[in-house]
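K.L.:
Residue numbers (this note's numbering): 471 to 548.
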Amino acid sequence: MSEQSERPETVPGGTRVPVRMCVRCGAITDTPVVVSEVHQGSGPGFTVYACRDCAPHFPRVPAVLSLPRASHRGGGER
Ligand SMILES: [Zn+2]
Numbered sequence: 471m472s473e474q475s476e477r478p479e480t481v482p483g484g485t486r487v488p489v490r491m492c493v494r495c496g497a498i499t500d501t502p503v504v505v506s507e508v509h510q511g512s513g514p515g516f517t518v519y520a521c522r523d524c525a526p527h528f529p530r531v532p533a534v535l536s537l538p539r540a541s542h543r544g545g546g547e548r
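Structure follows, in structure tokens:
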């Protein structure tokens, strides 16, 4: 018995293009531009995409978020 299996499947032209929906005009674009990243306190955040036409209409994404320090106050004083 000769086992002839395990063929490496090659998918010609099977390149998936990540398509995103523009948050501004709602168009599906294959050239999404990250315009904003939303970070949630709990749970994973999400990225907001826009098409190339709408991208310039958005403000730049701050590289570093400089948020004011959250003051830790010892609550619960009676
Ligand atoms: Zn758009």
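Backbone N, C-alpha and C define an ideal beta-carbon position, used for all residues, glycine too.
From a predicted model like this one, the values you see are computed outputs, not experimental measurements.
Using the Cα positions of His429 and Thr517, report the straight-line distance between them to the nearest angstrom.
P.N.:
The requested residue 429 is not part of the displayed model; the chain covers only 471 to 548.
K.L.:
May I ask which residues mark the beginning and end of the beta strand (DSSP E) holding Ala520?
P.N.:
Start and end: Phe516 to Ala520.
K.L.:
Leaving out the 5 sequence neighbours to the left and right, which residues in its chain are closer than 6 Å to Ala497 when beta-carbon positions are compared?
P.N.:
Once the five neighbours on either side are set aside, the close Cβ partners of Ala497 are Cys521.
K.L.:
So, at 8 Å on beta carbons, what are the nonlocal neighbours of Tyr519 in its own chain, with the 5 sequence-adjacent residues on each side left out?
P.N.:
Hits under 8 Å: Arg490, Met491, Cys492, Val493, Thr499, Pro502, Val503, Val504 and Val505.
K.L.:
If you drop the 5 nearest sequence neighbours on each side, which residues of the same chain put their C-beta closer than 7 Å to that of Ala525?
P.N.:
The answer, listed in chain order, is Val503 and Val505.
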